[in-house]
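The numbering used here numbers the first residue of the sequence shown as 39 and each following residue consecutively.
Beneath this line is the structure, given in structure tokens, with notes to follow.
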Amino acid sequence: MVHIKDIVIDSMWGDTSLEWRGLDPNINIVVGQNGFGKTTMLNLIRAVLMKDDKFIKQLKAKVHINTLITDKDGVTTEGEMFCDGKQVVQKPAFGGFESQSCFYYVNTFDVPASKKSSLSQLGLTLDQVLYQRNPDVFSFSDYRLSMLKDLRAAMYKQERIDKFFELINSLFLMTGKSIDIDDKNRVIFRKGKQIIDMEKLSAGEKQILLLLFTLFLMEDRSTVLLLDEPEISLHIEWQDRLIQLMLDLNPNCQIIMTTHSPNIFADGWEDKLVFISDLVKQ
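In structure tokens form, the structure reads like this:
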């Protein structure tokens with residue numbers, strides 16, 4: 039398993055630095071006033087993890103990330119990822135993670151995508167996670183097709199899908215909606231007996247689906263998930279349950295998130311809070 043241990047950012051806005059030591063292996067909740075750099079910090083972490091040299095050059099920030107790597111025998115070593123404001127270096131490869139696919143940045147803000155699409159940005163992202171629209175995105179459709187290639191694992195994967203759909207349907211119970219797979223192997227949504235288009239789902243429903251499907255498709259891999267205010271459109275009950283839902287789907291995921299909602303951390307997660315003002319060094 040691998041997780042991020044320390045994050046140090048120099049010259050975030052020219053004269054602002056940030057130092058974050060001893061990240062929790064599972065849950066890290068960053069809170070604080072707007073304007074202190076929560077979103078910028080997440081974007082810089084994302085750029086280093088995903089080797090986005092173009093973004094790094096735009097911000098000209100220097101970022102150093104230390105990782106802890108624990109092998110199957112319990113032996114722990116260190117890895118690192120850093121950039122000098124121009125390019126990203128990861129040692130060992132991917133800082134010790136399995137691959138670059140172990141890093142996720144999920145944007146759950148729902149805005150119009152483009153005049154050419156009937157889907158919102160959130161709808162487009164969820165559509166890619168559900169279906170084979172992008173060869174660079176491992177989708178739920180890919181996951182189901184993989185069952186045909188490994189029949190020994192097919193039963194286990196089908197059990198995972200069944201339990202996952204039960205979870206989603208329990209969350210959707212209050213709205214009278216449900217998720218299912220039709221006779222053409224397509225993911226569909228119902229309200230009673232009527233099939234409804236995915237874009238007819240509320241922003242909160244699309245948001246929770248995107249988050250949960252992302253966690254489900256990780257398949258318990260050691261991963262890092264970056265979330266910027268994931269509570270934006272969520273029902274209060276879903277906010278209360280969000281962290282535990284995500285950990286249940288992948289207990290090996292290190293979550294680094296920002297939030298303005300006390301409901302996210304009110305149910306026993308207060309000790310995971312980090313105030314952005316405590317990290318910023320002028």
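Glycine included, each C-beta is placed from N, C-alpha and C at the ideal position.
Starting from K195, follow the alpha helix (DSSP H) in both directions and report where the run begins and ends.
Counted from its first residue, the sequence shown places residue 195 at position 157. Here the alpha helix (DSSP H) through K195 covers L189 to F210.
Entirely within the segment 122-179 and at least 4 residues each: give me those alpha helix (DSSP H) ranges in chain order.
159-168
Classify V113 as helix, strand or coil using the three-state DSSP reduction.
For the purposes of this step, residue 113 is taken as residue 75 along the sequence shown, with counting starting at 1. If DSSP states are grouped into helix, strand and coil, V113 belongs with coil.
Any 3 or more C-beta pairs closer than 8 Å across the segment 236-254 and the segment 101-119
no
Cβ-Cβ distance between I67 and W58 below 9 Å
By 1-based counting over the sequence shown, the position of residue 67 is 29. By 1-based counting over the sequence shown, the position of residue 58 is 20. Cβ atoms of I67 and W58: not closer than 9 Å.
Whole angstroms is fine: what's the gap from L168's alpha carbon to L87's?
Stepping through the sequence shown from its first residue, residue 168 is reached at position 130. Stepping through the sequence shown from its first residue, residue 87 is reached at position 49. Whole-angstrom Cα-Cα distance: 24 Å.
Could you tell me if H41 is buried or exposed, where buried requires 16 or more neighbouring beta carbons within 10 angstroms of its beta carbon?
By 1-based counting over the sequence shown, the position of residue 41 is 3. Flag for H41 reads buried.
Spatial neighbours of K201 in its chain, beta-carbon cut-off 6 Å, leaving aside the 5 residues before and after:
Working through the sequence shown from its first residue, we reach residue 201 at position 163. So the list is empty, once near-sequence residues are dropped.
Among the residues of its own chain, which have a CB less than 8 Å from the CB of Q245, if the five just before and after it don't count?
The residue given as residue 245 occupies position 207 in the sequence shown. So the list reads T146, D148, L160, P268, I270, S271 and L272, once near-sequence residues are dropped.
Are three or more beta carbon pairs between the segment 96-115 and the segment 211-231 nearer than 8 Å?
no
Cβ pair I293, M284 closer than 9 Å
Here residue 293 refers to the residue found at position 255 of the sequence shown. Here residue 284 refers to the residue found at position 246 of the sequence shown. Yes.
Helix, strand or coil: how does DSSP classify I270 here?
Within the sequence shown, the letter at position 232 stands for residue 270. Here I270 sits in coil by DSSP.
With DSSP as the reference, label Q277 as helix, strand or coil.
Counted from its first residue, the sequence shown places residue 277 at position 239. Reduced to three states, the DSSP call for Q277 is helix.
On the DSSP letters alone, give me the boundaries of the beta strand (DSSP E) that S55 sits inside.
Stepping through the sequence shown from its first residue, residue 55 is reached at position 17. Taken as a continuous stretch (DSSP letters only), the beta strand (DSSP E) holding S55 covers S55 to W58.
Reference F12, options G112, R190, F203 and L189, closest by Cα:
In the structure displayed, the chain extends from 39 to 320; residue 12 sits before or after that span and is not available.
How would you label I219, buried or exposed, when you count the other beta carbons within 10 angstroms and need 16 or more for buried?
Here residue 219 refers to the residue found at position 181 when the sequence shown is read from its first residue. Answer is exposed; the Cβ neighbour count stays below 16.
Are L56 and M79 closer than 9 Å when you measure CB to CB?
By 1-based counting over the sequence shown, the position of residue 56 is 18. By 1-based counting over the sequence shown, the position of residue 79 is 41. A contact, by the Cβ cut-off of 9 Å.
Roughly how many whole angstroms lie between the Cα atoms of L247 and K89?
What you label residue 247 is simply residue 209 of the sequence shown in a count that begins at 1. What you label residue 89 is simply residue 51 of the sequence shown in a count that begins at 1. The straight-line gap from Cα to Cα measures roughly 27 Å.
In three-state DSSP terms, what is M88?
Residue mapping note: residue 88 aligns to position 50 of the sequence shown, counting from 1. In this structure, M88 counts as coil in the three-state DSSP scheme.
Which listed residue (P130, T163 and P63) has its alpha carbon closest to that of L249:
Along the sequence shown, one-based indexing puts residue 249 at 211. Measuring from the Cα of L249, the nearest candidate turns out to be T163.
Rounded straight-line distance, which links the Cα of Y142 to that of L263:
Looking up residue 263 in the sequence shown gives position 225. Looking up residue 142 in the sequence shown gives position 104. Rounded to the nearest angstrom, the two C-alpha atoms are 5 Å apart.
Cα separation between M50 and K98?
As a first step, residue 50 must be located in the sequence shown, where it is residue number 12. As a first step, residue 98 must be located in the sequence shown, where it is residue number 60. If you take the alpha carbons of M50 and K98, they lie about 8 Å apart.
Return the bridge partner residues of Q292 from the DSSP annotation.
Working through the sequence shown from its first residue, we reach residue 292 at position 254. Answer by DSSP bridge pairing, in chain order: V262.
T213 (DSSP reduced to helix, strand or coil)
Walking along the sequence shown from the start, residue 213 turns up at place 175. Helix, per DSSP.
Anyone know if the C-beta pair for V13 and A85 falls short of 9 Å?
Residue 13 is absent from the structure shown; the chain starts at 39 and stops at 320.
Go ahead and label D266 buried or exposed: buried means 16 or more other beta carbons lie within 10 angstroms of its beta carbon, across all protein chains shown.
Here residue 266 refers to the residue found at position 228 of the sequence shown. Answer is buried; the Cβ neighbour count reaches 16.
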